[in-house]
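Start counting the sequence shown at -15; every next residue gets the next number (the working numbering).
Don't be surprised by glycine CBs; every beta carbon is placed ideally from N, CA and C.
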Amino acid sequence: MIDFLQFLVPMLESTVRVATPLILAALAGLFAERSGVVDIGLEGKMLGAAFAAAAVAAISGSAWIGLSAGIATAVALALLHGFACITHRGNQIVSGVAINTLVMGLAPTLGIAWFARGGQTPTLSGDARFQSIDLPFAGALAEVPVVGAVYSQLISGHNILVYLAFLAVPGCAWVLYRSRFGLRLRAVGENPAAVDTAGIGVAAMRYKAMLITGVLTGIAGSYLSVAQNASFVRDMTAGQGFLALAALIFAKWRPVPVLFTCLLFGFLGALEARLQGVPIPGVGEVPVQFIQALPYILTVVLLAGFIGKAVPPRAIGEPYVKER
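In structure tokens form, the structure reads like this:
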């Protein structure tokens, strides 16, 4: 039992850390797509926020100022996406791809120009990074069997952005299903003409959704460079924005299933790190490339039909043209 806990608790602790940016990014996509705007630019917004947060944190020496810069960058990119898709009714897929391409090229270029470290930012330390937080009585309970290990290692000891991500799930669920804003947002994604007839601005609602998307992706990207890691490196998001979109579809655009889907992807990511170079009884050592591909293989399998019919918001991807 103790040996099993010694394996399980670190695995779950790694799962939480890996799943955190996925949860934030998937919730960000939830608001965008519930309003009727497809946002495959989550990857680019996360990457831009990661670079801005690490660069500003390195210069200012403050993780909070870095986080503010990361959020501001992601919000600017989200509004750019909104300007192209909402105001000018452009193709939402093309706009998202353009944002991803722009940031993937621009971030390392600025990194080379400003820091001359091959596109990386300086290593962060001290107040420039978000530090882990020990919850009350974590040390005192550490020696208690089972409960102590779960509380002191799994629940305690994460940085503030991890706790924020998990609190964001019930918060987003309340906003979407219990508030007037959430009701209008979902209505815009389903039937914008009816919302417009009721005197509610469709464009304004979609811009508000893009603002929330920018804030959440900004936190997700900043987490990667100033909390989980200690600097920005080229392509550090590694497709997590696309995985978040897959999680969103798998969860059928609902906040709580989004949480469990991201935890599943996070568990596979943690498993990938644990299994590299470790022989499995009866199987032997599994190739690293196969283990690294596990989350993406699972994504393809799930999206191929094992999740049942996923019905998106009816007006998703359709620019709204006001009737005169």
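- About 6 Å separates the CB atoms of residue 186 and residue 172; that is less than 8 Å, so the two are in contact.
- Exclusion of the five residues before and after residue 139 leaves no residue of its chain whose Cβ lies closer than 6 Å to its Cβ.
- The stretch -4 to 13 makes contact with the stretch 249 to 259; the number of CB pairs closer than 8 Å reaches 3 or more.
- Closest in alpha carbon position to residue 167, among 52, 248, 189, is 189.
- Uninterrupted alpha helix (DSSP H) stretches at least 4 residues long and entirely within the stretch -8 to 23 do not occur.
- Within its own chain, the residues whose Cβ lies closer than 6 Å to the Cβ of residue 199, once the five positions on either side in sequence are excluded, are 55, listed in chain order.
- Per DSSP, the continuous alpha helix (DSSP H) segment holding residue 161 begins and ends at 144 to 162.
- Remark: fewer than three beta-carbon pairs, one from each stretch, lie closer than 8 Å, so the stretch 231 to 240 and the stretch 85 to 104 are not flagged as touching.
- By the C-beta density criterion, residue 118 is exposed, having fewer than 16 other C-beta atoms within 10 angstroms.
- For residue 255, the uninterrupted alpha helix (DSSP H) run begins and ends at 239 to 259, by DSSP.
- Under the three-state reduction of DSSP output, residue 106 falls in the coil class, being neither helix nor strand.
- Within a 10 Å sphere around the beta-carbon of residue 273 sit fewer than 16 other beta-carbons, which makes this residue exposed.
- Beta bridge pairing from DSSP links residue 269 with 263.
- The three-state secondary structure of residue 300, taken from DSSP, is coil.
- 231 is the residue among 231, 284, 244 whose C-alpha sits nearest the C-alpha of residue 17.
- Separation of residue 156 and residue 96 (C-alpha to C-alpha, rounded to the nearest whole angstrom) is 38 Å.
- Its Cα nearest to that of residue -4, the residue 133 stands out among 148, 284, 209, 133.
- Secondary structure note for residue 29: its alpha helix (DSSP H) is the uninterrupted segment 26 to 44.
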